[in-house]
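Chemist:
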Amino acid sequence: MAIPGVLITGSEGLLGGALQATFKAYSLLAPLFCSKSVLDITDPDQIESYLKAHAIQYIINCAACTDVQLAEQEVASCFKVNSIGAGHLAALAAKYHVVLFHISTDYVFGATIGRPLRPDDPTDPLNQYGRSKRTGEQLVAEQATHFYIIRTAWLYGEKGNNFFTKIAALAQQGRTIQMVDDQIGSPTYVYDLATAIWEIIEKMAKHNPEHYPSGIYHYTNEGVASWYDFAYAIVTTFSNRCSLMPLSSSVVDLKRPYYSVLSKSSFREVFQIKIPHWQHSLAICLKRWQAQ
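So for the sequence shown, the working numbering puts the first residue at 11; every next one is plus one.
#1: So, is residue 23 buried or exposed, given that buried needs 16 or more other C-beta atoms within 10 angstroms?
#2: On the three-state DSSP scale, how would you describe residue 36?
#3: Using the Cα positions of residue 69 and residue 84, report the straight-line distance between them to the nearest angstrom.
#4: Per DSSP, which residues does residue 161 bridge with? Please list them.
#5: By how many angstroms is the C-alpha of residue 134 removed from the C-alpha of residue 106?
#6: Could you name the residues of the same chain whose beta carbon sits closer than 8 Å to that of residue 299, not counting the 5 residues immediately before and after it, in chain order?
#7: Just the C-alpha distance for residue 115 and residue 128, rounded to the nearest angstrom, thanks.
#8: Whose C-alpha, out of 131, 189, 285, is nearest the C-alpha of residue 204?
#9: Going along the chain, which residues of its own chain have a beta-carbon closer than 7 Å to the beta-carbon of residue 287, five neighbours each way excluded?
#10: Could you check how far apart the C-beta atoms of residue 29 and residue 207 are, in whole angstroms? I think they sit under 8 Å.
#11: Along the chain, where does the beta strand (DSSP E) that runs through residue 106 open and close?
#12: Drop a sphere of 10 angstroms on the beta-carbon of residue 138, count the other beta-carbons inside from all chains shown, and report buried for 16 or more, exposed for fewer.
#13: Taking the C-alpha atoms as reference points, what is the distance between residue 259 and residue 150?
#14: Given residue 188, which residues of its chain have a CB within under 7 Å of its CB, disregarding the five upstream and five downstream residues?
#15: Between residue 140 and residue 73, what straight-line distance do the alpha-carbon atoms span, to the nearest angstrom?
#16: Could you pull out every residue in the same chain whose Cβ sits closer than 7 Å to the Cβ of residue 33, ignoring the five residues on either side in sequence?
#17: Around the Cβ of residue 64, are there at least 16 other Cβ atoms within 10 angstroms (buried) or fewer (exposed)?
#18: Inspect the beta-carbon positions of residue 21 and residue 89 and report whether they are closer than 8 Å.
#19: Run the CB neighbour count on residue 235, radius 10 Å, all protein chains shown included, and call it buried at 16 or more, exposed below.
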């Protein structure tokens, strides 16, 4: 049996890097990691040429504009990648009978409904980043024939530029940190998400992919926290005194979801993958960061 080829777009990003770091445990797969300089998803001719030249059976689309502030200023550029680029991948995945994994976000939601948000709950994005990702989801669902939209949230890791590395660096310096305490969600350790994606694809490589229904799924770590809770759990590991002060989101210019805890029931039921608690994964991340 030929080893399935897996194309990873946006490999230079946080999730792309985690996928590169974890794939060796999955010997049934042959990944091809492509940064933007190698494969630009906004160019459909480039995508098609790549699919013709390689035996690709799966695509993991990590390519995205994720700077929420910048998306407000450069709306067209944001939509070009997050929406139009996703649509190109979906259409060509359908043409070449490729399974598409498209990474999305809790920012497609806006309304607070008092319970964990399910994949079929109405979307109501509050900012341009969320709107661009919602449009990308819609194009994937319309054009791909076999797809998995995986919404995640509060993605972090010990490498790169993300919430964890910023707070850990400030805490190490003993700096005063102000942090929003009224936005609620679930942190997601990027290596947990990467491992889950590889496990799903390996299951599909061993069995019939049709066993796993196409659609939208949610993946974050288990548990709930505010941004303040998350920051507090990071700074308390440092011996020097770091002042952490709560802040109301009402003083922050950019609108973000107040409550974006994602329900993972369908993910667990369909894929049968255990999801770690965010505090457990954060402890692992802290140890790895301190060992660097």
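The C-beta atom is built at its ideal place from N, Cα and C for all residues, glycine as well.
Modeler: Reading it off the structure:
#1: As a working note, residue 23 is residue 13 in the sequence shown. Buried, since its Cβ has 16 or more Cβ neighbours within 10 Å.
#2: Taking the sequence shown and counting its residues from 1, one reaches residue 36 at position 26. If DSSP states are grouped into helix, strand and coil, residue 36 belongs with coil.
#3: Position 59 of the sequence shown, counting from 1, holds the residue named residue 69. Position 74 of the sequence shown, counting from 1, holds the residue named residue 84. Between residue 69 and residue 84, the C-alpha separation is close to 27 Å.
#4: Here residue 161 corresponds to residue number 151 of the sequence shown, with the count starting at 1. Paired residue(s): 114, 228.
#5: For the purposes of this step, residue 106 is taken as the residue at position 96 of the sequence shown. For the purposes of this step, residue 134 is taken as the residue at position 124 of the sequence shown. Each residue's Cα considered, the two are about 33 Å apart.
#6: Here residue 299 refers to the residue found at position 289 of the sequence shown. These residues qualify, in order along the chain: 168, 174, 175, 178.
#7: Residue numbering aside, residue 115 sits at position 105 when the sequence shown is read from its first letter. Residue numbering aside, residue 128 sits at position 118 when the sequence shown is read from its first letter. Distance between the alpha carbons of residue 115 and residue 128 is about 13 Å.
#8: Numbered from 1 along the sequence shown, position 194 holds the residue referred to as residue 204. Closest by alpha carbon: 285.
#9: Position 277 of the sequence shown, counting from 1, holds the residue named residue 287. Excluding residues within five positions, the ones whose Cβ falls inside 7 Å are 231, 232, 233.
#10: Position 19 of the sequence shown, counting from 1, holds the residue named residue 29. Position 197 of the sequence shown, counting from 1, holds the residue named residue 207. Residue 29 to residue 207, Cβ: 7 Å. Contact.
#11: By 1-based counting over the sequence shown, the position of residue 106 is 96. From DSSP, residue 106 is part of no beta strand (DSSP E); its letter is neither H nor E.
#12: Sequence index remark: in the sequence shown, residue 138 carries index 128 (1-based). Flag for residue 138 reads buried.
#13: Residue numbering aside, residue 259 sits at position 249 when the sequence shown is read from its first letter. Residue numbering aside, residue 150 sits at position 140 when the sequence shown is read from its first letter. So the alpha carbons of these two residues sit roughly 32 Å apart.
#14: As a position in the sequence shown, residue 188 is number 178, starting the count at 1. Closer than 7 Å at the Cβ level, and outside the excluded window around residue 188, lie 255, 257.
#15: Here the question's residue 140 lines up with position 130 in the sequence shown. Here the question's residue 73 lines up with position 63 in the sequence shown. The straight-line gap from Cα to Cα measures roughly 15 Å.
#16: Taking the first residue of the sequence shown as 1, we reach residue 33 at position 23. Correct list, in chain order: 39, 41, 208.
#17: Against the sequence shown, residue 64 aligns to sequence position 54. It is exposed - the Cβ of residue 64 has fewer than 16 other Cβ atoms within 10 Å.
#18: Translated into the one-based positions of the sequence shown, residue 21 becomes position 11. Translated into the one-based positions of the sequence shown, residue 89 becomes position 79. No.
#19: Reading the sequence shown from its first residue, position 225 is the one you call residue 235. Flag for residue 235 reads buried.
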